[in-house]
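Following: one structure in structure tokens, then a few remarks.
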Amino acid sequence: MATNAFQPIQGMSDIAPPDIYIWRMIEERAREVFARYRFDEIRTPALEKNELFTHSLGDTTDVVTKEMYTLEDRGGRKLSLRPEGTAGAIRYVASGGEETAGARVFYMGPMFRCERPQAGRKRQFHQIGVEAVGAPNPLADAEVIALQVHLLAAWGLKGAKVRLNTIGMPEDRTAVLEGLREAIRPRLSELPEEAQQRFETNVLRLLDSKDEAVQKVIADIPPVIEFMSAESRAYLNTVIETLKKLEIDVTVDARLVRGLDYYVHTVWEVVHGGLGAQNALAGGGRYRIHLDKRAVDGVGFAIGVERVIAALEAGGITAAQFAPIPPVFIVSLGDAALSENLMLLQMLRQRGVACEMELSARKVQAQMRRADKTGAQTVIIRGDTELEKGTFVVKNMADGSQREVELPELIKLL
RNA sequence: GUGGGUGUAGCUCAGCUGGUUAGAGCGUCAGAUUGUGAUUCUGAAUGUCGCGGGUUCGAAUCCCGUCACUCACCCCA
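Numbering of the first sequence is given in the working numbering, commencing with residue 1178 and proceeding in unit increments.
Structure representation (structure tokens):
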């Protein structure tokens, strides 16, 4: 058991071998896919002014009101660790004026939310996300969903499902909220107290409630799209049609909503069966974010890396499969050989060979044991006898065979 | 923020209703094998029993508190 004093703080953890190997696979393949879709990487600060998040995510959202790590710096400025990546990315995009007008960016990095940890939820977690800036265009939405599905496939993930919905254009918002309230009002008394409060503060959120009583009522009311303008409906239809042409499977779910205020039009999430209660491994949508006097339109998504890893592991994919190739191991016998082998080690490394050696004159047996543990396929043994002859013993660890070669031959073998 | 479960060796865990010096497997290290690993055999090391307090002649075991892990609610990736 680790001692209390030097443990990471609650909900945050070290990522080390062998786990780190699957993280690197995910990041490497993500960069390859993003390059094909022509998205460029940005790295924004983890710490931002608090207002950036309150303005863009909405100052009544749960994320902002109860989940942010907020602190004051020495000048009394209120700062927050980013709880998500879109706000910072859009701040960057907005700062660039015309230069970044149609920006297509991706980011990957840690996000912070001070919630109670559980399966699939850490206080420091990692997201890979993209933002495609530009006026609402259903083809752009479909393209971003296609990118996301492509990414999941590139990681080898199977069994993920995309659920899609629209929350309508901003102009429809009032009609949607009113329509929903009217539909639910006659049965308000059937709802638990907490849900009745949501009815007032945020009716939309009732739609995806897990409460059975709420679900029973929701099942009988018309889908939100019924309250929207023809334009909003047409927008959703074009997204669906386009995805069909691209042969991307999605399920339209009239009850899907999102928790952040900036969403408009298309919203979606990716769910996976191998995850436990937090079954969404990614979320996305179209948004309009207001910063100072300007509004930035765009569409984007964020993928939870920890959740992707959990889903991959549920499917039998393990981090160890992505471990680096084992080294060539050098075994020395005697002090003279030890010092000569140090030069051999360096020379091989400079030629691009991953290799390792025992830096003390331990018994051969012990050195061989260690070589075996590194997973080395090839072991070079050189003692005083070989030094005199100018040779190297090369041993194949798989079948135990070995032969004695000179330097040019050795280099050719590795 | 609310509720359930769990904290014993590096890891996985045993330790019955409180009773001497706290155990096993795996791993580690060493020897068998003075120039050869993985197999086999033999041996060894390692614990503030999460932390603090209480009850008791006596606590890993019972009680309280606390911290951490874990799962769920809320919400989200």
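All C-beta atoms in this analysis are idealised placements derived from N, C-alpha and C, irrespective of residue type, glycine included.
For GLN1373, report the span of its alpha helix (DSSP H) as first-last. 1370-1378
Answer with buried or exposed for LEU1536, where buried requires no fewer than 16 other C-beta atoms within 10 angstroms of its C-beta. exposed
Per DSSP, what kind of secondary structure is GLU1583 in: helix, strand or coil? strand
Three CB pairs or more closer than 8 Å across the stretch 1538-1552 and the stretch 1473-1492: no
Could you tell me the alpha carbon to alpha carbon distance between VAL1380 and ILE1494, rounded to whole angstroms? 40 Å
Give the list of continuous alpha helix (DSSP H) stretches no shorter than 4 residues that lie fully inside the stretch 1352-1418. 1370-1378, 1389-1397
What residue range is occupied by the uninterrupted beta strand (DSSP E) comprising GLN1301? 1301-1310
Looking only at C-alpha atoms, which of THR1351, LEU1329, LYS1422, LEU1587 sits nearest to GLY1460? LEU1329
Which of the three DSSP states, helix, strand or coil, is assigned to MET1524? helix
Give the straight-line distance between the Cα atoms of ALA1271 and GLY1475, rounded to the nearest whole angstrom. 11 Å
Residues of its chain near ASP1430, where Cβ-Cβ distance is below 8 Å and the 5 sequence neighbours each way are ignored: ARG1340, LEU1341, ASN1342
From this set, THR1231, ASN1314, GLY1451, which residue's C-alpha is nearest LYS1243's C-alpha? THR1231
Three or more C-beta pairs under 8 Å: does that hold for the stretch 1310-1329 against the stretch 1417-1428? yes
Cβ-heavy atom distance between ALA1496 and the ligand FAD below 6 Å? Among the ligands in the structure shown, none appear at all, so the ligand FAD cannot be discussed.
Grab me the residues of LEU1354's own chain with a C-beta within less than 8 Å of its C-beta, minus the 5 sequence neighbours each way, in chain order. VAL1380, LEU1381
Can you grab the Cα-Cα spacing for the pair VAL1485 / VAL1447, in whole Å? 10 Å
Residue environment, SER1578, which counts as buried when at least 16 other CB atoms sit within 10 Å: exposed
What are the boundary residues of the alpha helix (DSSP H) that ASN1227 is part of? 1227-1234
In the DSSP assignment, what residue or residues form a beta bridge with TYR1284? GLY1306
Starting from the C-beta of GLY1297, find all residues in its chain whose C-beta is less than 7 Å away, skip the five residues before and the five after it, and write them out in chain order. LEU1452, GLY1453, GLN1455, GLU1483, ARG1484, ALA1487
Could you give the uninterrupted runs of the beta strand (DSSP E) lying entirely in the stretch 1471-1498, keeping only those of 3 residues or more? 1471-1481
If you follow the beta strand (DSSP E) that GLY1459 is part of, which residue opens it and which one closes it? Checking the displayed sequence, the identity of residue 1459 turns out to be Ala instead of Gly. Per DSSP, ALA1459 belongs to the beta strand (DSSP E) from 1457-1468.
Does the Cβ of GLU1308 have 16 or more other Cβ atoms within 10 Å, making it buried, or fewer, making it exposed? buried
Option in THR1443, GLU1408, GLU1403 with minimal Cα separation from LEU1420: THR1443
What is the rounded straight-line gap between the Cα of TYR1246 and the Cα of PHE1283? 24 Å
Measuring CB to CB, does GLY1140 end up less than 7 Å from ARG1435? This structure cannot speak to residue 1140, because the chain is shown only from 1178 to 1591.
Quick one: using the 10 Å Cβ neighbour count with 16 as the cut-off for buried, is MET1178 buried or exposed? The predicted position of MET1178 is uncertain, since its pLDDT is 38 and thus under 50; no value can be drawn from it.
Run the CB neighbour count on ASP1438, radius 10 Å, all protein chains shown included, and call it buried at 16 or more, exposed below. buried
Buried or exposed (CB count within 10 angstroms, at least 16 for buried), ASN1518: buried
Among ASP1349, VAL1556, GLY1529, VAL1530, whose alpha-carbon lies nearest the alpha-carbon of VAL1541? VAL1556
GLU1276 to VAL1310 span [Cα, whole Å]: 12 Å
On the criterion of 16 or more Cβ atoms from any shown chain inside 10 Å, does SER1516 qualify as buried, or is it exposed? exposed
Distance between GLY1279 and GLU1371 (C-alpha atoms, nearest Å): 42 Å
Taking just the CA atoms, how far does LEU1256 sit from LEU1224? 7 Å
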